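Colleague:
Number of protein chains: 2
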Amino acid sequence: MHDLLKGKEKVLQVAIKLFSAKGFKGTSIRDIAQAMNMSISNIYHYFGNKEGVLLAILEHSSRRLIDELRKISEMDLDPLDRFKLLIKTHIELSGSYKKEIKIFFLDEEHLSAEGEEINNQIQRDILEIHCNVLRALNEAGYMDCKSITIMAFNILGTINWYLRWYRSKGPLSAEDVTKEVVSFILYGVLGNKKESIISEPR
Amino acid sequence: MHDLLKGKEKVLQVAIKLFSAKGFKGTSIRDIAQAMNMSISNIYHYFGNKEGVLLAILEHSSRRLIDELRKISEMDLDPLDRFKLLIKTHIELSGSYKKEIKIFFLDEEHLSAEGEEINNQIQRDILEIHCNVLRALNEAGYMDCKSITIMAFNILGTINWYLRWYRSKGPLSAEDVTKEVVSFILYGVLGNKKESIISEPR
DNA sequence: CCAATTACATATCGATCGTTCGATACTAAA
DNA sequence: TTTAGTATCGAACGATCGATATGTAATTGG
Chain V
52 MHDLLKGKEK
62 VLQVAIKLFS
72 AKGFKGTSIR
82 DIAQAMNMSI
92 SNIYHYFGNK
102 EGVLLAILEH
112 SSRRLIDELR
122 KISEMDLDPL
132 DRFKLLIKTH
142 IELSGSYKKE
152 IKIFFLDEEH
162 LSAEGEEINN
172 QIQRDILEIH
182 CNVLRALNEA
192 GYMDCKSITI
202 MAFNILGTIN
212 WYLRWYRSKG
222 PLSAEDVTKE
232 VVSFILYGVL
242 GNKKESIISE
252 PR
Chain W
52 MHDLLKGKEK
62 VLQVAIKLFS
72 AKGFKGTSIR
82 DIAQAMNMSI
92 SNIYHYFGNK
102 EGVLLAILEH
112 SSRRLIDELR
122 KISEMDLDPL
132 DRFKLLIKTH
142 IELSGSYKKE
152 IKIFFLDEEH
162 LSAEGEEINN
172 QIQRDILEIH
182 CNVLRALNEA
192 GYMDCKSITI
202 MAFNILGTIN
212 WYLRWYRSKG
222 PLSAEDVTKE
232 VVSFILYGVL
242 GNKKESIISE
252 PR
């Protein structure tokens with residue numbers, strides 16, 4: 052047993068890498084098998100079919116992110132502090148699930164009805180968490196917007212796009228970049244009530 | 052000639068629809084040919100290969116968007132007004148190129164070196180236009196940020212995400228949704244200098 | 001009107017795809 | 001030691017893929 056990961060777990064690791072790099076349709080079962088010196092049929096033994104691999108990735112990786120974010124959304128904090136923490140955590144956590152998230156939002160198209168349902172549920176869960184936190188923010192008078200949902204979409208767009216373009220190359224440190232993105236979202240959300248901000252989020 | 056569009060032009064129309072719906076890898080030349088009752092070989096006669104179809108779409112559709120945006124970015128206006136106009140136009144124009152833009156940002160992965168270069172150039176052009184407008188905004192003291200580029204990315208993320216989720220179904224009119232998105236971007240960009248905003252952009 | 005170019009079609013190629021089958025090796029309980 | 005389940009494999013299936021070779025009809029410029 053000279054491999055750190057074995058069987059099922061390793062398939063997922065390799066598949067995450069390949070799916071995120073070449074897309075779902077762009078990656079064949081053979082690609083995955085070859086990249087880890089495993090037989091094709093063995094992957095089918097584990098996951099049933101190709102989509103099974105994708106769904107396993109989705110469930111496996113999204114669960115952790117969603118649980119973490121939900122925990123924050125239920126914290127007993129000042130609405131603004133909770134919101135800041137949520138955004139910051141979402142960005143930072145997403146950093147470690149970068150590849151997986153790229154898969155979430157890249158391959159929604161070519162799934163079966165069942166797969167699409169699972170994928171939609173994930174996105175709905177994440178959106179709802181943000182909506183809840185935003186709603187509290189709104190009711191506490193920190194912001195004033197016509198549609199909480201639109202605001203949540205704007206936030207997710209900014210975060211997910213950040214995952215696309217960020218390549219630890221530029222002049223700023225990862226931390227500074229995060230701070231800039233968080234700040235953009237913060238001011239965008241608070242809008243004309245920006246006086247609510249006493250101090251920058253650290 | 053019972054068809055409104057003929058030949059090359061019609062291939063592009065059909066390909067845009069299919070690529071945006073099922074992805075580049077998820078759409079076969081046969082799909083395109085069948086959807087318009089044309090022979091496979093004829094598409095090859097027009098575009099050389101499958102990627103040729105994609106590149107034709109890219110060049111054809113991005114050119115108009117880029118030209119339009121660049122025109123605005125070079126207008127002799129107050130920096131803030133120019134910025135507002137740019138965002139508003141970008142969102143509205145993107146609305147009509149929705150499918151095409153989905154293709155731009157969905158299929159960057161599976162292109163040849165040449166195709167990737169073209170695609171990158173398009174994205175660089177769009178980014179640069181926004182950077183230029185932002186820079187003027189910054190120099191005029193309307194905003195104060197560490198990185199113009201990050202700001203531009205944030206804007207593009209919000210806009211492109213909007214194209215993903217918007218489905219003329221919700222309670223708000225398309226116009227109102229646009230206004231909300233523009234407002235989010237505006238406040239996000241202006242940050243702690245929001246007093247620069249006198250009146251909402253219509 | 002005729003030659004040349006363009007617009008299209010049929011038929012087919014070899015490669016690759018997702019998937020399945022049938023067989024072995026290993027492992028742990030009985 | 002038998003047995004049952006789990007992990008793994010090689011070989012092959014039919015379908016579909018991108019691409020091409022070889023044509024014929026239509027259009028057009030001189």
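Just so you know, the sequences run in chain order V and W. With our numbering as the guide, the letters of the first sequence map in order to residues 52 to 253. With our numbering as the guide, the letters of the second sequence map in order to residues 52 to 253. All C-beta atoms, glycine included, are put in the ideal place defined by N, C-alpha and C. All of these numbers come straight from a predicted model, not from anything done at the bench.
Find out if the Cβ-Cβ distance for the pair residue 144/V, residue 105/V is shorter than 9 Å.
Modeller: Translated into positions along the first sequence, residue 144/V becomes position 93. Translated into positions along the first sequence, residue 105/V becomes position 54. No, the pair does not count as a contact, with Cβ atoms beyond the cut-off.
Colleague: Which residue's Cα is closest to the Cα of residue 190/W: 221/W, 130/W, 111/W?
Modeller: As a first step, residue 190/W must be located in the second sequence, where it is residue number 139. That would be 130/W, whose Cα lies nearest to the Cα of residue 190/W.
Colleague: For residue 239/V, return the contacting residues in chain W, with the cut-off set at a CB-CB distance below 7 Å.
Modeller: Position 188 of the first sequence holds residue 239/V. Ordered by position in chain W, the residues that pass the 7 Å Cβ test against residue 239/V are 235, 236, 238, 239.
Colleague: On the CB-based measure, 16 or more other CB atoms within 10 Å of its CB, does residue 241/V come out buried or exposed?
Modeller: For the purposes of this step, residue 241/V is identified with residue 190 of the first sequence, where counting begins at 1. By the neighbour-count rule (16 or more Cβ atoms within 10 Å), residue 241/V is buried.
Colleague: Count Cβ pairs between the stretch 164–178 of chain W and the stretch 215–222 of chain W that sit closer than 8 Å; are there 3 or more?
Modeller: Cβ pair count under 8 Å is below three, so no.
Colleague: Would you mind working out which of 209/V, 154/V, 197/V, 234/V sits nearest residue 224/W, comparing C-alpha positions?
Modeller: Counting from one through the second sequence, the residue named residue 224/W turns up at place 173. Among 209/V, 154/V, 197/V, 234/V, the Cα nearest to that of residue 224/W belongs to 197/V.
Colleague: Quick check: the Cα distance between residue 186/V and residue 83/W, rounded to an integer number of angstroms?
Modeller: Along the first sequence, read from residue 1 onward, the residue named residue 186/V stands at position 135. Along the second sequence, read from residue 1 onward, the residue named residue 83/W stands at position 32. Straight-line Cα distance between these residues: approximately 45 Å.
Colleague: Quick one: what's got a C-beta closer than 6 Å to residue 86/V's C-beta in the same chain, skipping five residues either side?
Modeller: For this step, residue 86/V is matched to residue 35 along the first sequence. So the list reads 65, once near-sequence residues are dropped.
Colleague: Using a Cβ cut-off of 9 Å (strictly closer), state whether residue 90/V contacts chain W.
Modeller: As a working mapping, residue 90/V is identified with position 39 in the first sequence. Closer than 9 Å: no.
Colleague: Going along the chain, which residues of its own chain have a beta-carbon closer than 8 Å to the beta-carbon of residue 254/W, five neighbours each way excluded?
Modeller: Outside the shown range of chain W (52 to 253) lies residue 254/W, about which nothing can therefore be said.
Colleague: Measuring only the C-alpha atoms, how far is residue 125/V from residue 118/V?
Modeller: Numbered from its first residue, the first sequence carries residue 125/V at position 74. Numbered from its first residue, the first sequence carries residue 118/V at position 67. Rounded to whole angstroms, residue 125/V to residue 118/V spans 11 Å at the Cα level.
Colleague: Since residue 229/W is in the alpha helix (DSSP H), which residue starts that stretch and which ends it?
Modeller: Numbered from 1 along the second sequence, position 178 holds the residue referred to as residue 229/W. Taken as a continuous stretch (DSSP letters only), the alpha helix (DSSP H) holding residue 229/W covers 225–241.
Colleague: Mind pulling the chain W residues with CB within less than 9 Å of residue 231/V?
Modeller: Here residue 231/V is taken as the residue at index 180 of the first sequence, counted from 1. Ordered by position in chain W, the residues that pass the 9 Å Cβ test against residue 231/V are 196, 197, 198, 201, 202, 205.
Colleague: Which residues in chain V sit within 8 Å of residue 104/W, going by Cβ to Cβ distance?
Modeller: The residue labelled residue 104/W in the question sits at position 53 within the second sequence. Per Cβ cutoff of 8 Å: no residues; residue 104/W is ~16 Å from chain V at best.
Colleague: Rounded to the nearest angstrom, how far is the Cβ of residue 202/W from that of residue 98/V, given a contact under 8 Å?
Modeller: Counting from 1 along the second sequence, the entry for residue 202/W is found at position 151. Counting from 1 along the first sequence, the entry for residue 98/V is found at position 47. About 42 Å; that fails the 8 Å criterion.
Colleague: Would a C-beta distance cut-off of 9 Å place residue 209/V and residue 239/W closer than the cut-off?
Modeller: Here residue 209/V refers to the residue found at position 158 when the first sequence is read from its first residue. Here residue 239/W refers to the residue found at position 188 when the second sequence is read from its first residue. Yes; because the gap between Cβ atoms is below 9 Å, this pair is in contact.
Colleague: How is residue 78/V classed by DSSP in three states: helix, strand or coil?
Modeller: Stepping through the first sequence from its first residue, residue 78/V is reached at position 27. Looking at residue 78/V - three-state DSSP - the assignment turns out to be coil, as it is neither helix nor strand.
Colleague: Find the residues of chain W that neighbour residue 211/V, judging by a C-beta separation of less than 8 Å, and give them in chain order.
Modeller: Taking the first sequence and counting its residues from 1, one reaches residue 211/V at position 160. Correct list: 208, 212.
Colleague: Are the CB atoms of residue 136/V and residue 128/V within a distance shorter than 9 Å?
Modeller: On the first sequence, position 77 is the one that residue 128/V refers to. On the first sequence, position 85 is the one that residue 136/V refers to. Yes, the pair counts as a contact, with Cβ atoms nearer than the cut-off.
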